[in-house]
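First the structure, in the form of structure tokens, and then the observations on it.
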Amino acid sequence: MDRTAWIVVALCVIGLVLWEFYLAKQIAPKPAPVSVAPGRPSPTAAPAILAPSPSPTPVAEAAPGRAPTPSFTEKIETLRNSDVELRLTNRGGGIKQAVLLKQSAEKGQHVVLNSDQSAPIGAILEQPSTPTLPEFTASAQSDSVQFERTTAEQVAIRKKFFFEKSPENKDNYVIEMDVDLENRGDKPYQSGGYFVALGSAAPIHPRDYPSYTRLVWCANCGGWIAAGAKGIDVGWFASSGGFLGLGQHAARPSYQENLAGAEWVAVSNQFFTTLIAPLTATLAGKDVDPWKANSVWARRFDFEYAPDQKLAGIEGALGLPGFQLRPGQTYSARFEIYAGPKLYHRLAQLPHNEAEVMDFGMFKVVCQFLLNFMNLLHSWLRDYGLAILALTTIIKLTLWPIQNKANRSMRHMAALSPKVQELRDKYKDDPTRMNQEMMKLYKQYGINPVGGCLPMMIQIPIFFGLFKMLGQAVELRNAKFLWVRDLSQPDTIAHLPMLGWPINIIPLCMAATQIWLMAMTPKTGDPTQRRVMMFTPLIFLFICYNFAAALALYYTAQNLFSILQFYQNKRQPTPTLEKVAPAGKRKR
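So this note's numbering is basically just the index in the sequence shown, starting at one, shifted up by 54.
Now the structure itself:
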């Protein structure tokens with residue numbers, strides 16, 4: 055490598071060290087003093103793993119701002135299929151926890167959705183910021199669990215939970231909740247609106263980006279042209295110093311927004327979501343239409359991930375319009391609850407654009423194609439590491455002819471460099487004239503100065519499509535490849551002594567192959583532009599270093615294919631410069 059290449063390597067290392075120092079400050083362990091009543095379990099158990107099933111015990115003392123301590127004993131009913139086990143509580147009549155039986159967490163345990171700190175999924179609340187979770191009477195059937203209670207206004211509330219059948223009888227994470235309110239009194243009952251609790255979502259790993267833990271809602275989203283789902287993440291609640299005094303704000307206790315109408319609302323982390331969609335509602339036998347969520351609410355909460363570390367989670371609720379019940383009338387509502395991994399193929403089967411919870415953004419079409427293609431390759435190869443390498447091979451072979459043409463263009467540009475340099479020296483005091491003469495020179499020799507950029511322009515949406523897709527592909531969780539224990543996480547093999555910074559091998563290999571590739575590339579274009587391009591390995595190293603190892607694996611393999619192609623092209627004869635005939639004089 056030449057001197058410039060070594061400078062780039064040094065800058066990459068320095069930049070990486072500074073970036074790791076910044077991340078270490080942002081995700082530093084925070085002391086987590088927990089106040090627990092004597093003889094009671096901690097209310098801050100991490101919601102990401104499954105603890106042993108507790109026997110019915112009095113509910114632990116609530117945290118400030120949460121539901122008050124009830125005077126009754128909590129009872130748990132269980133409803134399960136082959137994919138998920140629901141633990142339903144008489145406290146509020148909802149899903150206390152959803153245990154994902156096919157999703158492994160640490161120490162052989164299962165992933166669990168919802169936290170003990172949050173209201174049960176499906177609980178009906180008047181004010182989610184100060185929830186009241188009354189006692190329901192539970193009755194369990196072979197395929198459903200029903201809750202019932204009568205309010206002081208003589209309104210009988212019945213709630214029934216049961217699993218919907220999936221089209222292929224697998225990946226069955228969809229639960230239906232039916233709610234009936236019957237006015238058994240002699241006075242009209244007026245509801246000013248109510249909320250349905252979504253439960254909570256929390257980070258899976260201590261170094262997860264705050265943008266992964268979100269409240270999401272879909273209002274007119276989906277399709278090819280319509281906007282995607284909207285949302286906020288846990289970072290919204292934190293205080294901010296802004297930029298140069300702009301955007302400065304204090305910490306925010308909660309979030310609430312009125313909507314024109316949302317098809318569904320969800321809480322979500324990197325790989326899992328709890329999503330509730332209002333399906334239908336009837337009042338006195340007549341359909342309520344339109345019937346959509348008209349508001350969303352969320353609050354950040356802290357939970358103890360480790361004895362010396364707290365992480366931030368988010369809990370949410372969706373609001374629905376009010377109604378009036380005359381004596382003897384019944385209000386009935388149906389809700390779809392999806393509590394499980396963010397499996398695109400399963401979410402896409404649901405009828406209200408639920409797959410938009412994946413947050414693919416402007417690269418949605420690319421992400422969907424790459425995810426489906428990767429899963430197809432995995433169905434043949436049975437290994438996600440091999441599937442990613444096969445995906446890289448197919449993409450590279452598809453672009454091989456275009457890259458060959460770009461390489462020839464770059465070699466012609468390199469052969470033309472002496473003439474270009476002469477023009478730069480001749481017209482260095484007149485940039486406009488210099489550019490005009492250079493365009494004439496390119497035209498004389500039939501060279502497209504941007505011909506070498508086309509493969510890069512094609513690679514950009516593929517790269518960022520993979521970035522968005524691999525960041526949420528739950529299929530890669532715990533997928534092993536060579537020394538990589540989890541392709542959805544960085545391939546950390548060790549940490550630097552004293553500093554504790556991770557050593558991730560594949561991103562370093564990616565940066566090394568990119569520098570090697572740049573050293574092989576013919577030196578064309580403006581020197582300033584070439585110097586700027588030398589920072590490309592540093593940029594990609596920043597993007598990939600603490601991201602999923604699958605992305606760095608793809609880009610490293612892509613670089614190796616490009617190096618092989620350059621070696622092949624270099625063995626071809628050196629291009630000779632020949633002037634082309636003007637357009638008007640060419641033979642027809």
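Backbone N, C-alpha and C define an ideal beta-carbon position, used for all residues, glycine too.
When the distance is taken between beta carbons, is P264 closer than 8 Å to N323?
-> no
Measure the alpha-carbon distance for L541 versus L605 and round it to whole angstroms.
-> 9 Å
On the three-state DSSP scale, how would you describe S386?
-> strand
For the region 341-413, list the beta strand (DSSP E) runs that are entirely contained and at least 3 residues long, ordered along the chain.
-> 347-360, 363-374, 377-379, 384-395
Within 10 angstroms of the Cβ of N274, are there 16 or more other Cβ atoms? Answer buried if so, exposed if not.
-> exposed
Can you find at least 3 beta carbon pairs, one from the region 363-379 and one from the region 149-164, that sit closer than 8 Å?
-> no
Considering only residues of the same chain and omitting the five flanking positions on each side of A82, which have a CB-CB separation below 7 Å?
-> Confidence in A82 is poor, its pLDDT being 44 and thus under 50, which makes the residue's placement too unreliable to answer from.
Residues sharing a beta bridge with I178, DSSP = V250
CA-CA distance, A565 and T610?
-> 8 Å
Less than 8 Å between the CB atoms is what I'm expecting for I368 and R268, so what's the real figure, rounded?
-> 7 Å
Answer with buried or exposed for H723, where buried requires no fewer than 16 other C-beta atoms within 10 angstroms of its C-beta.
-> Residue 723 lies beyond the residue range present for the chain, which begins at 55 and ends at 642; the question has no answer from this structure.
Got a sec? Which residues, its chain only, sit under 6 Å from E236 by beta carbon, not counting five neighbours each side?
-> A210, T384
Smallest Cα separation from E189: which of L401, T143, M511, E390?
-> T143
Hey, M416 and K396: beta-carbon distance below 8 Å or not?
-> no
Would you mind sorting R354 into buried or exposed? The rule is 16 or more other CB atoms within 10 Å of its CB.
-> buried
Segment contact, 8 Å Cβ cut-off, at least three pairs: the region 419-434 with the region 520-540 = yes
Tell me whether F126 is buried or exposed, calling it buried when 16 or more other Cβ atoms sit within 10 Å of its Cβ.
-> exposed
Would you tell me roughly how many angstroms separate the C-alpha atoms of A409 and K494, rounded to the nearest one?
-> 51 Å
DSSP three-state assignment for I103, whether helix, strand or coil = Here the model assigns I103 a pLDDT of 39, short of 50, so the residue's position is not dependable and the matter cannot be decided.
Just curious, the beta strand (DSSP E) that S245 is in, first and last residue?
-> 243-245
Using three-state DSSP, classify A468 as helix, strand or coil.
-> helix
Just curious, the beta strand (DSSP E) that K284 is in, first and last residue?
-> 284-287
Once you ignore the five residues that flank Q444 on each side, which residues in its own chain have a CB closer than 8 Å to its CB?
-> Contrary to the premise, residue 444 reads as Ala rather than Gln in this sequence. Correct list, in chain order: L431, L435.
With A606 as the anchor, note down where its beta strand (DSSP E) starts and where it stops.
-> Segment 603-624 is the alpha helix (DSSP H) holding A606; no beta strand (DSSP E) there.
Figure out for me which residue from E317, K346, A366 has the closest Cα to the Cα of P307.
-> A366
Own chain, CB closer than 7 Å to S169, minus 5 neighbours either side, in chain order = P101, S254, A256, F357, G367
Cβ-based neighbour list, V342, same chain, cut-off 6 Å, excluding 5 preceding and 5 following = A335
Return helix, strand or coil for W290, following the three-state DSSP convention.
-> helix
Could you check if K241 is buried or exposed, using at least 16 other CB atoms within 10 Å of its CB as the buried criterion?
-> exposed
Taking the alpha-carbon positions, what's the F351 to Y392 distance?
-> Checking the displayed sequence, the identity of residue 351 turns out to be Trp instead of Phe. Answer to the nearest angstrom: the Cα atoms are 18 Å apart.
Report yes if the C-beta distance between S245 and G339 is below 8 Å; otherwise report no.
-> no
Residue span of the beta strand (DSSP E) that contains A194, given as start and end | 191-194
Contact under 8 Å by Cβ, D137 with D197 | no
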